[in-house]
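Read the structure below first, then the notes.
Numbering (full-length UniProt numbering), first residue to last: 1 to 146.
Next comes the structure, spelled out in structure tokens:
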């Protein structure tokens, strides 16, 4: 069992200006065990960071610039090479390319207060229906004279 270090760049994107750079996002360090390290473990670690979908993963070979030193990580052969690079260089850099996505809005229901719609307030998701029903029950109780 041998340990090695992966420097993970995630949440950003690649830009060429004039050389290739990874801009934005965050960086974290994974301390990995080479006996447990494989492609699936890498994907599991990314899920722990909140990334369930990725476009691609790239790792940097040695001290090269990104535009010449990147190799796509797509299988266990790549993770084995990453461990070797890290042991030689002290760490290996992994760059994650993410799909561009829009947030998914499940349901939007305007709240009704005092009989008038308050357009500025909305609640997203299943909870919105519950809140609207509760407010309607309260309103009937308060405004329904016997």
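In this text, a Cβ means the ideal position worked out from N, Cα and C, and glycines have one as well.
All of these numbers come straight from a predicted model, not from anything done at the bench.
| Check | Outcome |
| --- | --- |
| Which runs of the alpha helix (DSSP H) spanning at least 4 residues fall entirely within the segment 45-72, listed in chain order? | 66-69 |
| Residue 54 and residue 97: beta carbons closer than 8 Å? | yes |
| Ordered along the chain, which non-local residues of its own chain (more than five positions away) have a Cβ less than 8 Å from that of residue 1? | 33, 34 and 35 |
| Beta-carbon separation of residue 155 and residue 6 under 8 Å? | Residue 155 lies beyond the stretch modelled for the chain, which goes from 1 to 146, so this question has no answer here. |
| Below 8 Å on the Cβ atoms is my guess for residue 59 versus residue 73; work out the distance and round it to an integer in Å. | 5 Å |
| Residue 97 by DSSP, collapsed to three states: which one? | strand |
| By alpha-carbon positions, which one of 17, 76 and 88 ends up nearest to residue 63? | 88 |
| By Cβ distance below 7 Å, which residues in the same chain neighbour residue 45 in space, the five residues on each side in sequence not counted? | 30 |
| Should residue 84 and residue 78 be called a contact, given that it needs their Cβ atoms to be closer than 8 Å? | no |
| With a threshold of 8 Å on Cβ separation, who are the neighbours of residue 75 within its own chain once the five nearest residues in sequence on each side are excluded? | 39 |
| Tell me whether residue 23 is buried or exposed, calling it buried when 16 or more other Cβ atoms sit within 10 Å of its Cβ. | exposed |
| Between residue 90 and the rest of its own chain, which residues show a CB-CB distance below 8 Å, the 5 nearest in sequence each way excluded? | 5 |
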